[in-house]
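Q: Top to bottom, those sequences are chains A and B.
If you count the first sequence from 1, you need to add 469 to reach our numbering.
If you count the second sequence from 1, you need to add 469 to reach our numbering.
Input: one structure, supplied below.
Number of protein chains: 2
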Amino acid sequence: MKFCSNCGAPVALKIPAGDSLPRHVCGACGTIHYQNPKMVVGCIVEWEDRILLCKRAIEPRYGLWTVPAGFMENGETTYQGAVRETLEEANARIEIGPLYALYNIPHISQVYILFRAQLLDLDFSPGIESLEVRLFEEQDIPWDELAFRPVRFTLQNYFADRKAGNFQFRLGDLPPPAPAG
Amino acid sequence: MKFCSNCGAPVALKIPAGDSLPRHVCGACGTIHYQNPKMVVGCIVEWEDRILLCKRAIEPRYGLWTVPAGFMENGETTYQGAVRETLEEANARIEIGPLYALYNIPHISQVYILFRAQLLDLDFSPGIESLEVRLFEEQDIPWDELAFRPVRFTLQNYFADRKAGNFQFRLGDLPPPAPAG
């Protein structure tokens, strides 16, 4: 952030009175511009013993598989966001189930919020952000071609919980990935 | 938002290609400025059968009581945010417990995330944002002087759950308040 979105004047990093962190503060109109973490909302979509994955048609992670998920929008609830993302990415209608995972990803200032959901019919197809949408049985999950670590962790937990017959809400943190090599 | 925070030129509301919602788009450098919901993180701080409340020294709701809570910051986890807010508002050290409530408040684009927590010692005092910090037994909770509806709902659930001997995670929505009169 270099300029004030309110008046267009340059901003500077300063700790406002009564605050403890540096913020972008406008030198002209005094507006304080706060920046806060974003929520990614999505779901594990179930149909019998299969789950729905989308192959990404956009960066980042073009060509890799993910559960339907994306940035929560203003004016919606967490599960409305998950329903919307599923419709956008997979043209699929779902009924949202219980909250299944909340992952903190502090190094990128994101919180992942994932629900379980039931697919309502088989009339799905790739949305504009997907190359392909498919139902996968556990043994066919493309583990080496998953787009995001929260998706991998969630699916690992999901199949373990399903085997145990006991779905448990998961709250966890994802540290930065280890450097390659 | 009237000006681009990247280059200072005016922005206009437009639906970007491949998007479905209007965004503030810069007419000069093309930057798309997304706006997303914010998380408020906090906790119900327990000491034996009492809980800790803070009397607000800032607007909104100056002079009313709340649990320690505030906007989550970039670079922290949800429960680190709750610990930080408790330290800032009540100079109190806590151990975070289980997630207790997640409230969607779509009309103000906020999500409240509240944990239970244990107070570690009695050496607490008002932080700069608080007029007073006190431990309350259930019968002394100032129900008519609580600052925020999510706080009221959470405390009602909390004492009901405690009576029943079974704390349950709550996921819910808060609609806009009914108009006065």
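Note that beta-carbon positions come from the ideal geometry of N, C-alpha and C, so glycine has one too.
1) With a 10 Å radius around its C-beta and 16 neighbouring C-beta atoms as the bar for buried, classify His493 (chain A) as buried or exposed.
2) So Ser578 (chain B) contacts chain A; which residues on that side make the cut at Cβ distance below 7 Å?
3) Closer than 6 Å by C-beta to Leu571 (chain B): which residues in its own chain qualify, once you throw out the five before and the five after it? Chain order, please.
4) Chain A beta carbons: is any one of them nearer than 8 Å to that of Lys467 (chain B)?
5) Can you list, in chain order, the residues of its chain with a C-beta nearer than 6 Å to that of Asn626 (chain A)? Leave out the 5 residues immediately preceding and following it.
6) Could you name each continuous alpha helix (DSSP H) segment of 4 residues or more that falls completely within the segment 525-603 of chain A, going from the start of the chain to the end?
7) Anything in the segment 588-601 of chain A with a Cβ closer than 8 Å to a Cβ of chain B? List those residues in chain order, please.
8) Can you tell which of A:Gln608, A:Gln637, A:Pro619, A:Pro485 has its C-alpha closest to the C-alpha of Asp518 (chain A)?
9) Taking the straight line between their C-alpha atoms, what separation do you get for Arg530 (chain A) and Asn475 (chain B)?
10) So, helix, strand or coil for Glu606 (chain A), using DSSP?
11) So which residues of chain A does Lys471 (chain B) contact, with C-beta pairs closer than 8 Å?
12) Does the beta-carbon of Ile574 (chain B) have 16 or more other beta-carbons within 10 angstroms, so that it is buried, or is it exposed?
13) Just how far apart, CA to CA, sit Arg553 (chain B) and Arg603 (chain A)?
14) Tell me the DSSP secondary structure of Asp642 (chain A) in three-state form.
15) Does the segment 544-561 of chain A touch the segment 589-596 of chain B, meaning 3 or more C-beta pairs lie closer than 8 Å?
16) Please return the same chain residues whose Cβ sits closer than 8 Å to the Cβ of Pro491 (chain A), not counting the five positions on each side in sequence.
17) Determine the closest residue to Val536 (chain B) out of B:Cys512, B:Glu545, B:Glu598, B:Gln549, with distance taken between C-alpha atoms.
18) Just how far apart, CA to CA, sit Gln637 (chain A) and Ser599 (chain B)?
19) Does the beta carbon of Thr623 (chain A) come closer than 8 Å to any beta carbon on chain B?
20) Should Leu679 (chain B) be flagged as near chain A, meaning a C-beta pair shorter than 8 Å?
21) Could you pull out every residue in the same chain whose Cβ sits closer than 6 Å to the Cβ of Glu557 (chain B), ignoring the five residues on either side in sequence?
22) Below 8 Å CB to CB, which residues in the same chain sit around Cys498 (chain A) once its five sequence neighbours on both sides are set aside?
23) Find out if the Cβ-Cβ distance for the pair Met508 (chain B), Thr546 (chain B) is shorter than 8 Å.
24) Per DSSP, what kind of secondary structure is Lys471 (chain B) in: helix, strand or coil?
25) So for Ala481 (chain A), helix, strand or coil by DSSP?
A: With the structure as the only source:
1) Answer is buried; the Cβ neighbour count reaches 16.
2) Chain A residues near Ser578 (chain B): Asn543, Gly544.
3) In the same chain as Leu571 (chain B), and ignoring 5 residues on each side of it, the C-beta atoms closer than 6 Å to its own belong to Ile582, Leu640, in chain order.
4) The structure shown has nothing for residue 467 (chain B), since chain B only spans 470 to 650.
5) Shown here for Asn626 (chain A): same chain residues with a beta carbon closer than 6 Å to its own, the five before and five after excluded, namely Arg639 in chain order.
6) Runs of the alpha helix (DSSP H) spanning 4 or more residues and lying entirely within the segment 525-603 of chain A occur at 547-559, in chain order.
7) If the cut-off is 8 Å between Cβ atoms, the segment 588-601 of chain A has Ile597, Glu598 near chain B.
8) The shortest C-alpha separation from Asp518 (chain A) is found at A:Gln608.
9) Straight across, the Cα-Cα distance linking Arg530 (chain A) with Asn475 (chain B) is about 26 Å.
10) The three-state reading of DSSP puts Glu606 (chain A) in coil, since its state is none of H, G, I, E or B.
11) Under the 8 Å cutoff, chain A gives Ser474, Asn475, Cys476, Gly477.
12) Burial call: buried.
13) Separation of Arg553 (chain B) and Arg603 (chain A) (C-alpha to C-alpha, rounded to the nearest whole angstrom) is 43 Å.
14) If DSSP states are grouped into helix, strand and coil, Asp642 (chain A) belongs with the strands.
15) Short answer: they don't touch.
16) Here the set comprises Leu482, Lys483, Ile484.
17) Checked all of B:Cys512, B:Glu545, B:Glu598, B:Gln549; the closest Cα to Val536 (chain B) is B:Cys512.
18) The straight-line gap from Cα to Cα measures roughly 37 Å.
19) False, the Cβ-Cβ gap to chain B never drops below 8 Å.
20) This structure leaves residue 679 (chain B) out entirely; chain B is present only between 470 and 650.
21) The residues are Gly596.
22) Answer for Cys498 (chain A): Cys473, Asn475, Cys476, Ala478, listed in chain order.
23) Not closer than 8 Å, so no.
24) Of the three classes helix, strand and coil, the one that applies to Lys471 (chain B) here is coil, per DSSP.
25) For Ala481 (chain A), the secondary structure class from DSSP, reduced to helix, strand or coil, is strand.
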